[in-house]
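Participant: Numbering of the sequence shown is given in my numbering, commencing with residue -18 and proceeding in unit increments. Yeah, the Cβ is synthetic: ideal placement off N, Cα and C, and Gly gets one too.
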Amino acid sequence: MHRRTRCRGRRPVLSFVFGRRGSTFFALLRQQADAVRAGAEALRAFLWAGSDPAARQAQGAAIREAERRGDELERAVADRLKGAFLIPIKREDVYAISGKLEAMMDIIEGVANRVELYAIVALTPEVLAIADLLPGQAAALVDVVTALQSLRRSAVSEAGQRCKTVEAEIDKIYRAGVARLFRTPDMPPLEVLKLKEVLERLEEASDHCEDVTRLVEGILIQRG
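In structure tokens:
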């Protein structure tokens, strides 16, 4: 049982923030974010593997394992939310963050699946450039989620800014990549469609990363 604390001149710090209930949710969210980071790193290696079937197979397996782990963690978050009585942040916020992390992991796996399904070997420079940036953005995402437990605005702001900076760069590369596809006269239309879809999914994964940052920032604003 946690005792109430009173402080004059400032808002009381809720002791249960660092209690077992809060720590469980924060730990699960951190692990989910780390699964996303692992998936992004494996996707980068998968895409850079090119036509090497053994390397692609190994990295594809790593992506699927990261997705399996992330899915398992999302279910754990949902299960614990059902029975939780008192947690440091709103249930809907926990659920939204977990959902966005799982969506990002699904997209990462989806990119690898599409590259295999569509038998894409020659990837554009923009696809590879985004693949290079995504792990760094995912690492910033881990820091954002980690900083949530302590509710430290400075840590959330710093990691969040890193995430947003990478998102802006990815968005710029995405637009340039789509423009290149439609301005390359000798590229078969079917290849244009395949590569455009890959670019769109990579950009969407980056957007989800920024969405998580905004959710965490919103939690801090609500707390005043």
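Hey, quick one: how far does the alpha helix (DSSP H) through Ala100 stretch, first residue to last?
Facilitator: Start at 1 with the first residue of the sequence shown, and residue 100 comes out as number 119. Unbroken run through Ala100: none, as it is neither H nor E.
Participant: From what residue to what residue does the alpha helix (DSSP H) around Lys153 run?
Facilitator: The residue labelled residue 153 in the question sits at position 172 within the sequence shown. Note, Lys153: alpha helix (DSSP H), 134 to 164.
Participant: Need the endpoints of the alpha helix (DSSP H) that Pro116 sits in, please.
Facilitator: Along the sequence shown, read from residue 1 onward, the residue named residue 116 stands at position 135. Its alpha helix (DSSP H) spans residues 106 to 131.
Participant: Only counting the same chain, and skipping five residues up and downstream in sequence, which positions put a Cβ closer than 7 Å to that of Met86?
Facilitator: In the sequence shown, residue 86 corresponds to position 105, counting from 1. Cβ within range, chain order: Ala16, Val17, Gly20, Ala47, Glu48, Gly51.
Participant: Put Lys71 into one of helix, strand or coil per three-state DSSP.
Facilitator: Translated into the one-based positions of the sequence shown, residue 71 becomes position 90. Lys71: coil per DSSP, three-state reduction.
Participant: Three-state secondary structure (DSSP) at Ala30?
Facilitator: Reading the sequence shown from its first residue, position 49 is the one you call residue 30. Of the three classes helix, strand and coil, the one that applies to Ala30 here is coil, per DSSP.
Participant: Can you give the Cα-Cα distance for Val197 and Ala93, rounded to whole angstroms?
Facilitator: Here residue 197 refers to the residue found at position 216 when the sequence shown is read from its first residue. Here residue 93 refers to the residue found at position 112 when the sequence shown is read from its first residue. Between Val197 and Ala93, the C-alpha separation is close to 28 Å.
Participant: Please return the same chain residues whose Cβ sits closer than 8 Å to the Cβ of Val75, not counting the five positions on each side in sequence.
Facilitator: As a position in the sequence shown, residue 75 is number 94, starting the count at 1. Excluding positions up to five away in sequence, the list reads Phe6, Leu10, Val58, Leu62, Ile68.
Participant: Note down the Cα distance separating Val137 from Gln203, rounded to an integer number of angstroms.
Facilitator: Counted from its first residue, the sequence shown places residue 137 at position 156. Counted from its first residue, the sequence shown places residue 203 at position 222. One C-alpha to the other measures close to 14 Å.
Participant: Glu83 to Glu185, Cα distance in whole Å?
Facilitator: Stepping through the sequence shown from its first residue, residue 83 is reached at position 102. Stepping through the sequence shown from its first residue, residue 185 is reached at position 204. Looking at the two C-alpha atoms, the distance is approximately 13 Å.
Participant: Using the C-alpha atoms, what's the distance from Leu104 back to Thr165?
Facilitator: For this step, residue 165 is matched to residue 184 along the sequence shown. For this step, residue 104 is matched to residue 123 along the sequence shown. Going by the C-alpha atoms only, they are around 14 Å apart.
Participant: Ignore the nearest five residues each way along the sequence and tell me which others in Val108's own chain have a CB closer than 8 Å to its CB.
Facilitator: Along the sequence shown, one-based indexing puts residue 108 at 127. Result list for Val108: Leu28, Gly158, Leu176, Val179, Leu180, Leu183, in chain order.
Participant: For Pro169, does the three-state DSSP call read helix, strand or coil?
Facilitator: For the purposes of this step, residue 169 is taken as the residue at position 188 of the sequence shown. Coil at Pro169, not helix or strand.
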